[in-house]
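All remarks here apply to the structure that follows.
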Amino acid sequence: MDIRSLILSPAPPPGRKALKMEVKRYTSGTSESLLKDGVTLLMLHGLGQHKEQWEPVVERLYAPQSHCAVSPPIREIWLLEWQSHGQSAVLNEEALKDDPLSALMDQWAHGIAEFIKSDFVKGHRLVGVGYSSGAIALMVSTMYFEKCPYLGCILVEPTIADKDTWQSNLETVIQPGFDLVNKAVTRRRNAWANRDEAHTFFAGRSPWKTWDPRVVELFVKYALKESKDKDGNDCVTRKCPTLHEATALQVNDKAPWAAADQIAKLCGVVPMHAILAELVDSMPRVLRDSAVDKSKGRVVDSITTIPNVGHSVIQALPDVIGSTILRLLHEITNPNAKSHL
Numbered sequence: 001m002d003i004r005s006l007i008l009s010p011a012p013p014p015g016r017k018a019l020k021m022e023v024k025r026y027t028s029g030t031s032e033s034l035l036k037d038g039v040t041l042l043m044l045h046g047l048g049q050h051k052e053q054w055e056p057v058v059e060r061l062y063a064p065q066s067h068c069a070v071s072p073p074i075r076e077i078w079l080l081e082w083q084s085h086g087q088s089a090v091l092n093e094e095a096l097k098d099d100p101l102s103a104l105m106d107q108w109a110h111g112i113a114e115f116i117k118s119d120f121v122k123g124h125r126l127v128g129v130g131y132s133s134g135a136i137a138l139m140v141s142t143m144y145f146e147k148c149p150y151l152g153c154i155l156v157e158p159t160i161a162d163k164d165t166w167q168s169n170l171e172t173v174i175q176p177g178f179d180l181v182n183k184a185v186t187r188r189r190n191a192w193a194n195r196d197e198a199h200t201f202f203a204g205r206s207p208w209k210t211w212d213p214r215v216v217e218l219f220v221k222y223a224l225k226e227s228k229d230k231d232g233n234d235c236v237t238r239k240c241p242t243l244h245e246a247t248a249l250q251v252n253d254k255a256p257w258a259a260a261d262q263i264a265k266l267c268g269v270v271p272m273h274a275i276l277a278e279l280v281d282s283m284p285r286v287l288r289d290s291a292v293d294k295s296k297g298r299v300v301d302s303i304t305t306i307p308n309v310g311h312s313v314i315q316a317l318p319d320v321i322g323s324t325i326l327r328l329l330h331e332i333t334n335p336n337a338k339s340h341l
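Per full-length UniProt numbering, the very first residue in the sequence shown carries number 1; after that it's consecutive.
As structure tokens, then:
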């Protein structure tokens, strides 16, 4: 598998700071001429994570290509990073300081749209895959086009709700959830002497200890950076600024509404599939249910439920998610394929 990193500087929305966005392209090494009719995936991560969390899924997606007659060939896979997360946060460190409004969800979505309009994927058959907050960004990115730029969309544990559902549950469910996230993020440990110590810490504590070991290793490698502690000693700390992770749900509260509207608008226009976890833990059920609420016009083509796992489904079961995406790619590229509800 070939991997190429790029640093992009998409034009910002009006009135916003310009922010860099690091992206990674993954290819199988197969001749481009043999894959030109294949699909190109754009994959978007969740809050507090980093684009490389998808790598074990990417490995599963590419593993069967030489012998799988069911799934369409994958031309390229691109991982696009939220500007306040992962290495993108390091690139934007000065611009992000002390301002929770400096990297809003719609700016990530705008950057995704600018990428789609670039020569990097010109003429490609695009499939968008978004996990958690990444599902919001995926849907909001479609608002920058008259015609949906995706051949199909796959929403994994989407944290999406329409305005009415959001506001009617704000005081009883959503705001208490915000408060818990804010408390957990602002009070947690954020510095370790080195990456080995950090790995021991995460591997022994929830939710990280429930993750696939490869995903834990990637988190330690890509979500942390070298720094100095308050005494001037070498340490590693998180790349995503605490301020941004703690307040992301509050300052982006209207983005899930827009995403819900886009799902309703695009259902029946492009194939739309959802992958949900059986267990409801860190994400309120109302958000997950609202994203696929048929009574609000959000009639997705299929819903796949992954058993015995919660919201961290791509971290805990990346191979299962990869296999599920392969099946859904077949359904997206073969409209008459049977859906699994």
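Cβ atoms here follow ideal geometry from the backbone N, Cα and C, with glycine treated the same way.
Assigned secondary structure, residue i (DSSP; H/G/I helix, E/B strand, else coil)
i: glutamine 5; result: Note that residue 5 corresponds to serine in the displayed sequence, not to glutamine. Looking at serine 5 - three-state DSSP - the assignment turns out to be strand.
i: isoleucine 160; result: coil
i: lysine 221; result: helix
i: lysine 24; result: strand
i: arginine 75; result: strand
i: leucine 80; result: strand
i: lysine 122; result: coil
i: glutamate 146; result: coil
i: glutamate 55; result: helix
i: lysine 228; result: strand
i: arginine 327; result: helix
i: valine 216; result: helix
i: proline 12; result: coil
i: valine 140; result: helix
i: tryptophan 166; result: helix
i: alanine 63; result: coil
i: lysine 209; result: helix
i: histidine 85; result: coil
i: glycine 310; result: coil
i: threonine 186; result: helix
i: aspartate 37; result: coil
i: threonine 30; result: coil
i: glutamate 197; result: helix
i: valine 280; result: coil
i: glycine 297; result: coil
i: leucine 180; result: helix
i: serine 102; result: coil
Residues sharing a beta bridge with residue i, DSSP
i: histidine 273; result: Ile154 and Ser302
i: alanine 191; result: Thr237
i: glycine 128; result: Leu42 and Cys153
Limits of the alpha helix (DSSP H) - the one that residue i falls within
i: isoleucine 174; result: That residue, isoleucine 174, is in no alpha helix (DSSP H); it is neither H nor E in DSSP.
i: threonine 242; result: 242-251
i: histidine 110; result: 105-116
i: leucine 19; result: Careful: leucine 19 lies outside any alpha helix (DSSP H) and carries neither H nor E.
i: alanine 316; result: 313-316
i: tryptophan 257; result: 255-266
i: residue 346; result: In the structure as shown, the chain starts at 1 and stops at 341, and residue 346 therefore has no counterpart that could be examined.
i: glutamine 49; result: It is not in any alpha helix (DSSP H) - glutamine 49 carries neither H nor E in the DSSP assignment.
i: glutamate 94; result: 93-96
Rounded Cβ spacing between residue i and residue j (contact assumed at less than 8 Å)
i: tyrosine 222; j: glycine 86; result: 6 Å
i: proline 56; j: valine 215; result: 6 Å
i: glutamine 83; j: leucine 44; result: In fact, because the Cβ distance is near 12 Å, the residues do not count as touching under 8 Å.
i: cysteine 235; j: serine 227; result: 6 Å
Between the stretch 88-97 and the stretch 117-124, can you find at least three pairs of beta-carbon atoms closer than 8 Å?
no
Just checking, does the stretch 289-306 make contact with the stretch 269-277 on the three C-beta pairs under 8 Å criterion?
yes
Indicate whether the contact test is met: 3 or more Cβ pairs, each with one atom in the stretch 312-326 and one in the stretch 286-298, closer than 8 Å.
Short answer: they don't touch.
Inter-stretch contact at 8 Å, needing at least 3 Cβ pairs: the stretch 132-151 / the stretch 244-264
yes
How do the stretch 52-60 and the stretch 5-20 stand: do at least 3 beta-carbon pairs fall below 8 Å, yes or no?
no
Counting Cβ pairs closer than 8 Å, one from the stretch 147-166 and one from the stretch 325-333, do we hit at least three?
yes
Is it the case that the stretch 19-39 contacts the stretch 183-191, given that we only count it when at least three CB pairs across the two stretches are under 8 Å?
no
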